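For the sequence shown, the working numbering gives the first residue as 592, with consecutive numbering after it.
One structure is given here, and the rest of the page talks about it.
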Amino acid sequence: MKYPNFKDLILFENDDYIVVNKPPFVASLDERGGSGEVNILRLARQYADDVQVAHRLDKETSGAMIIAKTPEAYRHVSMQFERRKVNKVYHAVVDGQFSFKDLFIDLPILNDGNKSVTIDRKEGKRAETWFNSIKNYRHYTLVECKPVTGRMHQIRIHLATQRAAIVGDHMYKGKPV
592 MKYPNFKDLI LFENDDYIVV NKPPFVASLD ERGGSGEVNI LRLARQYADD
642 VQVAHRLDKE TSGAMIIAKT PEAYRHVSMQ FERRKVNKVY HAVVDGQFSF
692 KDLFIDLPIL NDGNKSVTID RKEGKRAETW FNSIKNYRHY TLVECKPVTG
742 RMHQIRIHLA TQRAAIVGDH MYKGKPV
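Following this line, the structure appears as structure tokens:
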């Protein structure tokens with residue numbers, strides 16, 4: 592895979608932050624086991640020395656990522672995420688036709704430590720997501736996803752509980768394109 596030039600990914604930059612458009616199939620951070628693959632943090636550190644990724648996106652997910660240039664900026668943006676002050680909006684294409692209108696999913700997630708998660712009402716961590724259908728197609732639906740919390744694979748598994756798996760997401764029973 593050819594990796595883009597980091598400068599080409601930049602959407603916004605000031606003295607404290609860089610916001611980049613993370614491409615799909617590029618990890619946010621080093622993966623467990625240290626595969627040595629290129630990731631957003633490594634690319635960012637070639638651009639500026641002491642940067643820190645302020646949050647993660649799944650490897651398969653594209654979208655805006657905030658990178659802090661200083662420890663103070665990192666603390667500030669981390670607190671915004673922790674206090675749920677960041678409005679996160681994602682779009683997903685799911686298998687089938689659905690009419691989600693302010694659908695609120697409140698199902699706790701347990702990370703099994705094996706690159707996937709499960710719904711576990713007893714030991715899982717709180718996970719909340721809002722869903723709205725944007726447009727229906729012949730075999731698919733474009734869905735707006737607004738996670739309140741930020742658990743690993745949260746949107747993917749919450750959609751799967753509605754039998755609305757993301758297209759191509761084999762881990763959560765999405766059909767290939």
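C-beta: ideal position from N, C-alpha, C; glycine also.
Only a predicted model underlies this, so the values are computations on that prediction, with no experimental measurement involved.
Strand pairing of residue i, partner residues [DSSP]
i	result
residue 685	732, 757
residue 725	Looking at the DSSP assignment, residue 725 forms no beta bridge with any residue, so it has no partner.
residue 608	659
residue 613	654
residue 738	720
residue 701	709
Closest by C-alpha distance to residue i, when choosing among the options
i	options	result
residue 594	613, 727, 752	613
residue 685	749, 667, 641	749
residue 673	650, 616, 739	739
residue 688	597, 596, 725, 676	725
residue 639	597, 714, 692	597
residue 630	637, 620, 636	620
residue 705	652, 651, 743	743
residue 605	618, 632, 642	642
residue 648	741, 634, 670	741
residue 734	693, 713, 762	693
residue 671	714, 646, 707, 650	646
residue 628	618, 760, 637, 635	618
residue 650	723, 736, 615, 711	615
residue 677	710, 737, 701, 634	737
residue 764	714, 711, 722, 707	707
residue 722	601, 755, 760	755
residue 710	675, 679, 752	752
Three-state class that DSSP yields for residue i in the structure shown
i	result
residue 634	helix
residue 708	strand
residue 599	helix
residue 718	coil
residue 594	coil
residue 750	helix
**Request:** Please confirm if the region 684-699 is in contact with the region 707-724, defined as three or more CB-CB distances below 8 Å between the two stretches.
**Result:** They touch, by the three-pair rule.
**Message:** Would the region 608-625 count as touching the region 646-664 if we require 3 or more Cβ pairs under 8 Å?
**Reply:** Three or more Cβ pairs drawn from the region 608-625 and the region 646-664 lie within less than 8 Å of each other, which places the two stretches in contact.
**Item:** 3-residue-minimum beta strand (DSSP E) runs that sit fully inside the region 636-699, ordered along the chain
**Value:** Those beta strand (DSSP E) runs which fall completely within the region 636-699 and span 3+ residues are 654-659, 681-686, 694-697.
**Asked** Counting pairs of beta carbons, one from the region 729-741 and one from the region 659-670, are three or more of them closer than 8 Å?
**Response** By the Cβ criterion, the region 729-741 is not in contact with the region 659-670, since fewer than three pairs of Cβ atoms, one from each stretch, lie closer than 8 Å.
**Message:** Count Cβ pairs between the region 674-683 and the region 745-760 that sit closer than 8 Å; are there 3 or more?
**Reply:** Contact holds: three or more Cβ-Cβ distances are below 8 Å.
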